[in-house]
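Comments concern the structure below.
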Amino acid sequence: MRHHFSLLTTLFVSGALGAPLYAQAPAPAPQGAAAQPAAGQMKPADTEVWEPVPKVVTPGATDSAAPSDAIVLFDGKNLDEWVNVKGQTPATWLVQDGVMVVHKPSGNIETKRKFTNYQLHLEFRVPAGTTGAGQARGNSGVFLASTGNGDSGYELQVLDSYENKTYVNGQAASIYKQSPPLANASRKPGEWNVYDVAWTAPVFNADGTVKSPAFVTVFHNGVLVQNHFALKGGTVYIGKPSYTAHGPSAIKLQSHGDPSPPISFRNIWIRELP
Ligand code: MG
Numbered sequence: 464m465r466h467h468f469s470l471l472t473t474l475f476v477s478g479a480l481g482a483p484l485y486a487q488a489p490a491p492a493p494q495g496a497a498a499q500p501a502a503g504q505m506k507p508a509d510t511e512v513w514e515p516v517p518k519v520v521t522p523g524a525t526d527s528a529a530p531s532d533a534i535v536l537f538d539g540k541n542l543d544e545w546v547n548v549k550g551q552t553p554a555t556w557l558v559q560d561g562v563m564v565v566h567k568p569s570g571n572i573e574t575k576r577k578f579t580n581y582q583l584h585l586e587f588r589v590p591a592g593t594t595g596a597g598q599a600r601g602n603s604g605v606f607l608a609s610t611g612n613g614d615s616g617y618e619l620q621v622l623d624s625y626e627n628k629t630y631v632n633g634q635a636a637s638i639y640k641q642s643p644p645l646a647n648a649s650r651k652p653g654e655w656n657v658y659d660v661a662w663t664a665p666v667f668n669a670d671g672t673v674k675s676p677a678f679v680t681v682f683h684n685g686v687l688v689q690n691h692f693a694l695k696g697g698t699v700y701i702g703k704p705s706y707t708a709h710g711p712s713a714i715k716l717q718s719h720g721d722p723s724p725p726i727s728f729r730n731i732w733i734r735e736l737p
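Set out below in structure tokens:
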């Protein structure tokens, strides 16, 4: 009788709480669970991981300097790592005073090497006393993966956005026409701006459909401006972005046709990631 009463009480309480009785029954032990201690019996060492050991990377003298495992794409001396997109001929932008200056008649340049996932550091400067307004003021860009000639690819916008109004998904540090930056961290013309980028390339299925989109995280002068943004496809000036399957790709710098004075780049390095 006592037992019977107890069961009734259990049923009643269970019903009152809205939980089915079976949910209170202990789950059957999964196969191979014998080696897993119950949570209350775990020791600190049970959750320690010792291998594989991360590789040692010697950082640069400053956080802007290339770490020991970086590929230096431009160190102020020459454009040996770059070609003109048009014709794939040696890059003909100008190297002067340790910086590279956009040579607008030469068009875009891109790396000889191709990349998939990476960390990229680069610095750019819009010249002091620049001219123009909106998109026609210090416009350039970093195509995080070039997918063809011209401006084909995924553009991280470069622009003078220091007190220069334009559409927000086209200002500096935007993913052009897709994602405005989370903040405007632009330094004024004549000063150097820094982009630090983590790029995860898109992955495609055998039939060319998207398995996973591209993701990008960007710091502009140390300020987080793109936070693991999932790209909608390649950059387009007019219309909606979409993906076309591709493999490892060059990184491309834009020679924009606006009449403002050409901008400069320096200290470009990259670390390939798994
Ligand atoms: Mg641009």
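Quick note: to get the working numbering, add 463 to the position in the sequence shown (first position is 1). Note that beta-carbon positions come from the ideal geometry of N, C-alpha and C, so glycine has one too.
Counting only the same chain and skipping the five closest in sequence on each side, list residues whose C-beta sits under 6 angstroms from that of residue 714.
-> 574
Look up residue 641 in the DSSP assignment and say whether it is helix, strand or coil.
-> coil
Reduced DSSP category for residue 582 - H, G, I as helix; E, B as strand; rest coil = strand
Fully enclosed by the stretch 617-677, which beta strand (DSSP E) runs are 3 residues long or longer?
-> 655-663 and 673-675
Simplified DSSP state of residue 527, which is helix, strand or coil = coil
Can we count residue 604 as close to the ligand MG, meaning its CB is less than 7 angstroms from some heavy atom?
-> yes
Give every residue of the same chain whose Cβ lies closer than 6 angstroms to the Cβ of residue 682, excluding the five residues on either side of it in the sequence, and list them in chain order.
-> 659
Would you say the beta carbon of residue 639 comes nearer than 7 angstroms to a heavy atom of the ligand MG?
-> yes
Should residue 726 be labelled buried (16 or more other beta-carbon atoms within 10 Å of its own) or exposed?
-> buried
Using only the heavy atoms of the ligand MG, determine whether one of them is closer than 7 angstroms to the beta carbon of residue 631.
-> no
Exposed or buried, which one is residue 730 when buried takes at least 16 other CB atoms within 10 Å?
-> buried
Cβ-based neighbour list, residue 486, same chain, cut-off 6 angstroms, excluding 5 preceding and 5 following = Confidence is the limiting factor: at residue 486 the pLDDT is only 41, short of 50, which leaves the residue's position unreliable, though a coordinate-based value still follows. Answer for residue 486: no residue qualifies.
Within the present structure, is the beta-carbon of residue 618 separated from the nearest heavy atom of the ligand MG by less than 7 angstroms?
-> yes
Is there contact between the stretch 639-649 and the stretch 620-630, where contact requires at least three CB pairs shorter than 8 angstroms?
-> yes
Helix or strand or just coil, what does DSSP make of residue 698?
-> coil
DSSP puts residue 743 in a beta bridge; with which residues?
-> There is simply no residue 743 to check, as the chain begins at 464 and stops at 737 in what is shown.
Contact check, residue 698 vs residue 630 under 8 angstroms by CB: the rounded distance?
-> Actually they do not touch by this definition, with Cβ atoms about 14 angstroms apart.
Could you spell out the range, first to last residue, of the beta strand (DSSP E) harbouring residue 691?
-> 686-693
Enclosing beta strand (DSSP E) for residue 559 [first to last residue] | 557-559
Are at least three pairs of beta-carbons, each pair with one atom in the stretch 704-722 and one in the stretch 504-512, less than 8 angstroms apart?
-> no
Do you know how far the Cα of residue 610 is from the Cα of residue 587?
-> 23 angstroms
Whole-Å CB distance - residue 578 paired with residue 676, under 8 angstroms assumed = Rounded, the Cβ-Cβ distance is 17 angstroms, inconsistent with contact.
Between the stretch 543-557 and the stretch 513-533, are three or more C-beta pairs nearer than 8 angstroms?
-> no
Ignore the nearest five residues each way along the sequence and tell me which others in residue 743's own chain have a CB closer than 7 angstroms to its CB.
-> No statement about residue 743 is possible, as the shown extent of the chain runs from 464 to 737 and does not include it.
Same chain, Cβ closer than 8 angstroms to residue 612, neighbours up to 5 away in sequence not counted | 548 and 549
For the ligand MG, any of its heavy atoms closer than 7 angstroms to the Cβ of residue 634?
-> no
Close-in-space but distant-in-sequence residues of the same chain around residue 467 (CB under 8 angstroms, 5 per side omitted) | A caution first: residue 467 carries a pLDDT of 44, below 50, which makes its placement in the model too unreliable to give a value.
Per-residue burial, residue 638 [other beta carbons within 10 Å of its own, 16 or more giving buried] = buried
For residue 655 versus residue 679, is the C-beta distance shorter than 8 angstroms?
-> no
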